[in-house]
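Take a look at the structure set out below.
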Amino acid sequence: MFELPEYVVLANQINKTLLGKKVHGGNLGNSPHKFVWYNRSQDEFNRLVKGKVVGEAKVRGRWLFIPLQPGYTLVFGECGGKILYHPAGKAPPKKYHLFVNFTDETFITATTQMWGAMELYEQGQELKREYIKDMQPTPLDPEFTYTYFDNLIQEAEAEKKRSVKSLLTQDQLIPGLGNAIAQDILFQARLHPRHSLSDLSSRQSKVLFDAILNTIDEIIAGGGRYDEYDLFEQKGKYVRIMDKNALKSPCPRCAGEVKKIQYLGGSCYFCLNCQR
Ligand SMILES: [Zn+2]
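Quick note: the sequence shown uses this note's numbering, first residue -11, plus one each step.
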């Protein structure tokens, strides 16, 4: 699944590659998939995108917004899989869930694994969509300061007992983070996934805050995680520290044993020795 950094990488590439292109037409794919959320019929989608010009793409959390001007926004949200650019003359992938081609005969396709939104809104209406309208500040927003983060921890903890993994991955408290990036953030912050928020010292919460921002920056700088694809179907160069491959070797920091547990809807990988 794409997380915040992969969406930023895609948006940057879209802005370098697609900005200003004129849409020839589009469709909702060749492979019906019941967990792709559409809000348009085939005909409607093709009619509405035709003749529009690609504007500057933006990201919030796990949502990518591509203006189709005038008047519309193409929205990808909560997807994994591939969003790909294809030069003129290339064959599309066998299966895809969205297709948009341009007057210069280049095109994009999107194919999701599991689920994801691929929706077209009248400009501004996307901001009223569920999950977007009430989105809290994401780590890339200017409001996401340490003061904000510290308050967020206190509010989240007052509401119910939570662990640091819950803070990072549940209830969209920090939009854009998912199970994959959370592993490396917790490694950098030297925190066990189950470490209770109520036991977090102010020093630890500052370290956690820095780990969130630094990990996001590093993944963006690497062009995404090594198990995700960018717009040109290249894998990212950011090698995850704590994932299933980490089980094969000792902890890269302290040589302690790396352990796997199932916790809060996903596998967690962490060092038994240096993550407490
Ligand atoms: Zn360790």
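Even for Gly, the Cβ is constructed at its ideal location relative to N, Cα and C.
The beta carbon of ASN233 sits no closer than 8 Å to any heavy atom of ligand 1. Contact between LEU179 and LEU165 does not hold, since their C-beta atoms are separated by about 14 Å, which reaches or exceeds 8 Å.
DSSP, read as helix, strand or coil, puts LYS236 in helix. Ranking LYS153, PRO163, GLY244 by CA distance to the CA of LEU196 puts LYS153 first.
By the Cβ rule, the stretch 236 to 244 does not count as touching the stretch 183 to 190, because fewer than three pairs are nearer than 8 Å.
In this structure, the straight-line span from the alpha carbon of GLY112 to that of ALA199 is close to 33 Å.
For the pair of segments examined, the stretch 5 to 21 was found to touch the stretch 81 to 92: the number of CB pairs separated by less than 8 Å reaches three. Note on geometry: alpha-carbon atoms of GLU216 and GLN124 lie some 25 Å from one another. The nearest non-hydrogen atom of ligand 1 is 8 Å or more from the C-beta of CYS256. In its chain, beyond the 5 residues on either side, ASN15, LEU16 have a beta carbon closer than 8 Å to the beta carbon of GLN30. PRO(-7) sits in a helix when the DSSP states are folded into three classes. Between the stretch 142 to 152 and the stretch 69 to 83, the count of C-beta pairs closer than 8 Å stays below three; the two stretches do not touch. Separation of LYS121 and ILE229 (C-alpha to C-alpha, rounded to the nearest whole angstrom) is 33 Å. In the three-state reduction of the DSSP assignment, GLU147 falls in the helix class, which pools H, G and I.
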